[in-house]
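For reference, the structure discussed in these notes is given below.
There are 2 protein chains.
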Amino acid sequence: MSTKKFILTERDIPTAWYNIVADMTNKPLPMMDPKTKQPVTEESLQQIFAKELVKQELNTTDAWIEIPEPVRDLYKIWRPTPLVRATGLEKALDTPAHIYFKNESVSPVGSHKLNSALAQAYYCKQDGCTNITTETGAGQWGAALSMASKIFGLELAVYMVKVSYHQKPYRRSIMQTFGAQVIASPSMSTKAGRKILTDTPNNQGSLGCAISEAVELAMQTPNCKYTLGSVFNWVNLHQTVIGLEAEKQMEMAGEYPDSIIACFGGGSNFSGIAFPFLRHKLTDGKDVEVIAAEPASCPKLSKGRFQYDFGDEAGYTPLIPMYTLGHKFMPSNIHAGGLRFHGAGSIVSQLQKNGLMRAEDVNQLEAFDAATLFAKSEGIIPAPESSHAIAVAIRKALKAKEEGRKEVILFNLSGHGLIDMAAYDSYIAGDLTVGGVSDEDIARNLKSVEEFRI
Amino acid sequence: MSTKKFILTERDIPTAWYNIVADMTNKPLPMMDPKTKQPVTEESLQQIFAKELVKQELNTTDAWIEIPEPVRDLYKIWRPTPLVRATGLEKALDTPAHIYFKNESVSPVGSHKLNSALAQAYYCKQDGCTNITTETGAGQWGAALSMASKIFGLELAVYMVKVSYHQKPYRRSIMQTFGAQVIASPSMSTKAGRKILTDTPNNQGSLGCAISEAVELAMQTPNCKYTLGSVFNWVNLHQTVIGLEAEKQMEMAGEYPDSIIACFGGGSNFSGIAFPFLRHKLTDGKDVEVIAAEPASCPKLSKGRFQYDFGDEAGYTPLIPMYTLGHKFMPSNIHAGGLRFHGAGSIVSQLQKNGLMRAEDVNQLEAFDAATLFAKSEGIIPAPESSHAIAVAIRKALKAKEEGRKEVILFNLSGHGLIDMAAYDSYIAGDLTVGGVSDEDIARNLKSVEEFRI
Chain V
18 MSTKKFILTE RDIPTAWYNI VADMTNKPLP MMDPKTKQPV TEESLQQIFA
68 KELVKQELNT TDAWIEIPEP VRDLYKIWRP TPLVRATGLE KALDTPAHIY
118 FKNESVSPVG SHKLNSALAQ AYYCKQDGCT NITTETGAGQ WGAALSMASK
168 IFGLELAVYM VKVSYHQKPY RRSIMQTFGA QVIASPSMST KAGRKILTDT
218 PNNQGSLGCA ISEAVELAMQ TPNCKYTLGS VFNWVNLHQT VIGLEAEKQM
268 EMAGEYPDSI IACFGGGSNF SGIAFPFLRH KLTDGKDVEV IAAEPASCPK
318 LSKGRFQYDF GDEAGYTPLI PMYTLGHKFM PSNIHAGGLR FHGAGSIVSQ
368 LQKNGLMRAE DVNQLEAFDA ATLFAKSEGI IPAPESSHAI AVAIRKALKA
418 KEEGRKEVIL FNLSGHGLID MAAYDSYIAG DLTVGGVSDE DIARNLKSVE
468 EFRI
Chain E
18 MSTKKFILTE RDIPTAWYNI VADMTNKPLP MMDPKTKQPV TEESLQQIFA
68 KELVKQELNT TDAWIEIPEP VRDLYKIWRP TPLVRATGLE KALDTPAHIY
118 FKNESVSPVG SHKLNSALAQ AYYCKQDGCT NITTETGAGQ WGAALSMASK
168 IFGLELAVYM VKVSYHQKPY RRSIMQTFGA QVIASPSMST KAGRKILTDT
218 PNNQGSLGCA ISEAVELAMQ TPNCKYTLGS VFNWVNLHQT VIGLEAEKQM
268 EMAGEYPDSI IACFGGGSNF SGIAFPFLRH KLTDGKDVEV IAAEPASCPK
318 LSKGRFQYDF GDEAGYTPLI PMYTLGHKFM PSNIHAGGLR FHGAGSIVSQ
368 LQKNGLMRAE DVNQLEAFDA ATLFAKSEGI IPAPESSHAI AVAIRKALKA
418 KEEGRKEVIL FNLSGHGLID MAAYDSYIAG DLTVGGVSDE DIARNLKSVE
468 EFRI
């Protein structure tokens, strides 16, 4: 097992988040109002989202956005997180590659999600909110926001995707222990949920659908804003503390990554680790290969289409320019609930369009093979989501071995899997499905969003 | 929430464990062979336990025992652990007390148990073992030893107390993910288990019973030793890294604890945090109040009797001089499975007998009230075991408030409760029983061990 850790002090916690949009030559297209087909205005977004978050969403000029002192102070609860050289995994693979991982699983709620949850709860409080709503897949975001809401004295309602609600009951319990209200989605409590349940009574939910429900509740509740754990620019922004720390830590290790890998659901942990390194690619021409590890069951970057689409199932959000599988896409019930989202967000989509990154997809069995090897060689049981990144890191390390060359690989361990042990049980019992999606399914779903093609 | 952490570097990981017996004026009585009624010999213990562990058990002269380099190196995986000033909890209690906790929950398996698991697996490997056995209650020890066994290439069989096996299925899965074999105890696979199941078919098990089964399997397996996660002197010894680090960290904080609190099952985390501070009480006369937080369902220190007794249900172990409720005592099915042990071990029992420490008992509801307040104010969901320590710390802090005086309180957060969320669910639903034991039950059980009275 690895004992090579690179540890920073509290002084090294970044004082500003990195806004990659400012450095992009080809900036993302603007989000569009579905009714007017015009770029959304600050005012219209502020009906749903906290003011400062909307400003961050639309900021295309400032590369650095100061982290409010109360938020940075709260980061000290668990940050800086360790960077670890995975010597145990390297040995198990017998590879000349050097594998590093940034360990975001050490946060009290078990994932990187707290980086943005604290910021979003803070800004909502600043805005005079008493209540907030959100959606969650596997529950990592919901758990983080429950803790953050408690800190800032906000009442929180979480729509948790039904399949995860049943697969991961302990994450529901964690949210409830922090005092949040958790509703399985689709639910009868919203118009969006009722419609889906009426059309498909056994519907197990998706992130897209849970977002619709959470947005609807926020719109109907006084002093309430909607928050979300991925996809939007401000979430990516807040997560850059991961990569900014990792940059310093790689320097301590005396190496620079040849490749950076992170799992990909809506882009939050991916952007967090990748953007600070992509900054050098954009500004100093320092090369690095950046790979998003998608589930084979929800491969929007690998097999989706770049166009405008809604961020949610019911079509409450603005139209986002992004790689998408269609906002009505219903992924298979894989255990990596955090990756079951149909779209990729506008920044990441633009980066991929411009060839600054690429995606690889991983099926559920390969992800759990990788997870188990990692657990046995590094002592940490990874979240099913993070296991996709591990799987791609292993592919790279084995390729380096085959080609007899050193390669420096950095991946983000976005969370631990201690609440996901039922998934490991299925894997051990040989019951786990491989997952995936047919080309016909993708084509059918994309057909339903033809009208938003660019 | 608290962001006041005191962080050490890898260089600060202790190089030697502290053996408190060397500094005790009234040393513990020797363990006895139940057949000969003579002190046990090194040779007889070595039939069950690794040689070096037996030496540590019987060492009454060396105050410092060097930590083998490979073990100390593995400690770097997660050590040093943080010391945290619980300002969030202080605020919630509105107390003038300063509350500190040593956060042992940050280990990859979620508790302090890894401190001794790595050492025991190392010594068993040194001894030429290919297989080891153990028992586990809530599964914290079993999970830690599963990870340690994987590191040293040992095959591990774990007898997990049946009530916990069903209450905490995810800890079973964690052990299995690391490659261990897990058997619910009492089982039909051993003579001891069969006897209990025949006498009481619905028996939900106890640590004492699981120990019997694990010892029996070890005795019948070639190249196999038995290991255990608490009670014995060497376990307490290995855990002193906790207190040795905490000593340095309290110095960084510029305070010295007036009271030290830890939950108490067999004594491992308690000894770990307390012994290094008791050292000063023994050698420099530096006063500190030391309190063991017991579950009201298993109050051996508060209501047990000091005498010789077996460490296990079937009577395979030597007779240990300790506070006990009788080795056939079957505690109620509280969720703090790690505290369901009938005896206190010889060192702690002697310390209590000599007035160097005391115990308080906590019922299950008070423990979960404390756990939930802690989660909401500090962001960490504590293990049900650790919650007993938090409950006593809260009692102390409220007393200090009542009396209007400052008090410096240090408790050990022995583990997190992320695998124990079913218990929190019961608590939230109002289904949790208060726990406890009647005086008649204790009297009846003590009567059955009259023959071993001192």
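Top line first, the protein sequences correspond to chains V and E.
Each number in this note's numbering corresponds to the 1-based position in the first sequence with 17 added.
Each number in this note's numbering corresponds to the 1-based position in the second sequence with 17 added.
Glycine included, C-beta positions come from ideal geometry on N, C-alpha and C.
These figures come from a predicted structure and were not determined experimentally.
By the 7 angstroms beta-carbon criterion, what residues does the stretch 424-454 of chain E contribute toward chain V? For the stretch 424-454 of chain E, which is checked against every Cβ of chain V, the residues closer than 7 angstroms are Leu435, Ile436, Met438, Tyr441, Asp442, Ile445.
What separation, rounded to the nearest whole angstrom, lies between the Cα atoms of E/Asn350 and E/Gly289? E/Asn350 and E/Gly289 have their C-alpha atoms roughly 26 angstroms apart.
Enumerate in chain order the residues of its own chain whose CB-to-CB distance from V/Ile407 is below 7 angstroms, with the five nearest sequence positions on each side excluded. So the qualifying residues of the chain are Ala387, Ala388, Phe391, Pro399, Phe428.
Within 8 angstroms of any Cβ in chain V, is that where the Cβ of E/Pro85 sits? Closer than 8 angstroms to the CB of E/Pro85 there is not a single CB belonging to chain V.
Rounded separation between E/Arg375 and E/Ile308 - CA only: Cα-Cα distance, rounded: 5 angstroms.
Return the chain-ordered list of same chain residues with a C-beta closer than 8 angstroms to the C-beta of E/Gly127, the five sequence neighbours on each side being excluded. Result list for E/Gly127: Gln157, Ala160, Ala400, Gly432, His433, Leu435, Ile436, in chain order.
Does the beta carbon of E/Thr147 come closer than 8 angstroms to any beta carbon on chain V? E/Thr147 does not count as touching chain V.
Per-residue DSSP class, three states only, for E/His255: The answer is helix: DSSP assigns E/His255 an H, G or I state.
Beta carbon of E/Ala209 nearer than 8 angstroms to that of E/Ala331: Against a cut-off of 8 angstroms, the Cβ pair of E/Ala331 and E/Ala209 comes out as a contact.
Threshold first: 3 residues or longer. Then list the beta strand (DSSP E) segments lying entirely within the stretch 312-363 of chain V, N to C. Restricting attention to beta strand (DSSP E) runs no shorter than 3 residues, the stretch 312-363 of chain V encloses them at 322-327, 336-341, ordered along the chain.
V/Tyr243 beta carbon less than 8 angstroms from that of V/Ile65: Yes; because the gap between Cβ atoms is below 8 angstroms, this pair is in contact.
Straight-line CA distance for E/Glu189 to V/Leu318? It should be pointed out that residue 189 of chain E corresponds to Arg in this sequence rather than to Glu. Rounded to the nearest angstrom, the two C-alpha atoms are 37 angstroms apart.
What do you get for E/Ala446, buried or exposed, if any count of 16 or more other CB atoms within 10 angstroms of its CB means buried? Under this definition E/Ala446 is an exposed residue.
Contact set for E/Tyr333: own chain, Cβ-Cβ below 6 angstroms, skip 5 residues either direction: The beta carbon of E/Tyr333 sits closer than 6 angstroms to the beta carbons of Ser229, Val232 from its chain, once the five residues preceding and following it are set aside; these are given in chain order.
Kindly list, in the order they appear in chain V, the residues whose Cβ is closer than 7 angstroms to that of E/Ala392. Per Cβ cutoff of 7 angstroms: Thr194, Phe195.
Is it buried or exposed for V/Arg470, if we count other Cβ within 10 angstroms and need 16 for buried? It counts as exposed.
Please classify E/Glu121 as buried or exposed, where buried requires at least 16 neighbouring CB atoms within 10 angstroms. Per the 10 Å Cβ criterion, buried.
Who are the Cβ neighbours of V/Asn240 in its own chain at under 7 angstroms, not counting the five residues just before and after it? If we look at V/Asn240 and ignore the five residues flanking it on each side, its Cβ neighbours are Gly145, Cys146, Thr147, Asn148.
Burial state of V/Val451, where buried means 16 or more other Cβ atoms lie within 10 Å: When all chains shown are included, V/Val451 counts as exposed.
Could you give the first and the last residue of the continuous beta strand (DSSP E) run that contains E/Ser202? Here the beta strand (DSSP E) through E/Ser202 covers 198-202.
Between E/Lys393 and V/Phe195, how many whole angstroms is the CB-CB distance? I'm expecting something under 8 angstroms. Indeed, because the Cβ distance is near 6 angstroms, the residues count as touching under 8 angstroms.
Show which residues of chain V have a CB atom less than 9 angstroms away from the CB atom of E/Leu100. Neighbours of E/Leu100 on chain V: none; closest Cβ ~14 angstroms, over 9 angstroms.
Kindly say whether V/Met18, judged by its beta-carbon, lies nearer than 8 angstroms to any beta-carbon of chain E. Residue contact with chain E for V/Met18: present (Cβ-Cβ distance below 8 angstroms to some residue of chain E).
Beta strand (DSSP E) containing E/Val466: first to last residue? Premise fails: E/Val466 is in no beta strand (DSSP E) and is neither H nor E.
Residues near V/Ala197 in its chain [Cβ-Cβ closer than 6 angstroms; skip 5 each side]: Around V/Ala197: Ser163, Leu173, Val175.
Would you call the stretch 245-261 of chain V and the stretch 205-223 of chain V in contact, with 3 or more CB pairs under 8 angstroms? The stretch 245-261 of chain V is not in contact with the stretch 205-223 of chain V.
With a CB to CB cut of under 7 angstroms and the five nearest residues on each side skipped, what residues in its chain are close to V/Gln221? Apart from sequence neighbours up to five positions away, the residues of its chain that approach V/Gln221 with a beta-carbon distance below 7 angstroms are Lys179, Val180, Asn350, ordered along the chain.
Could you pull out every unbroken alpha helix (DSSP H) segment of at least 4 residues lying fully inside the stretch 18-94 of chain V, listed in chain order? Runs of alpha helix (DSSP H) with 4 or more residues, each lying fully within the stretch 18-94 of chain V, are found at 59-63, 68-75, 86-92, listed in chain order.
Starting from the beta carbon of V/Tyr187, find every residue of chain E whose beta carbon is closer than 8 angstroms, and list them in chain order. In chain order: Tyr187, Leu435, Ile436, Met438, Ala439.
Contacts that E/Val123 makes with chain V (C-beta to C-beta distance below 8 angstroms): Within 8 angstroms Cβ-Cβ: Val123.
Pull up the distance between the alpha-carbon of E/Glu86 and that of V/Ile30, whole angstroms please. Distance between the alpha carbons of E/Glu86 and V/Ile30 is about 32 angstroms.
Counterpart residues of V/Lys119 in DSSP-defined beta bridges: In DSSP, V/Lys119 forms a bridge with V/Leu100, V/Asn429.
Members of the stretch 235-251 of chain V near chain E, C-beta cut-off 9 angstroms: From the stretch 235-251 of chain V, no residue has a Cβ closer than 9 angstroms to chain E.
Suppose contacts are defined by Cβ-Cβ distances below 8 angstroms. Is E/Gln184 in contact with E/His359 by that definition? With contacts defined by Cβ atoms closer than 8 angstroms, E/Gln184 and E/His359 do not form a contacting pair.
Determine, for V/Met339, whether the minimum Cβ-Cβ distance to residues of chain B falls below 8 angstroms. No chain B appears in the structure shown, which is made up of the protein chains V and E.
At which residues does the beta strand (DSSP E) containing V/Thr151 begin and terminate? From DSSP, the beta strand (DSSP E) with V/Thr151 extends over 148-153.
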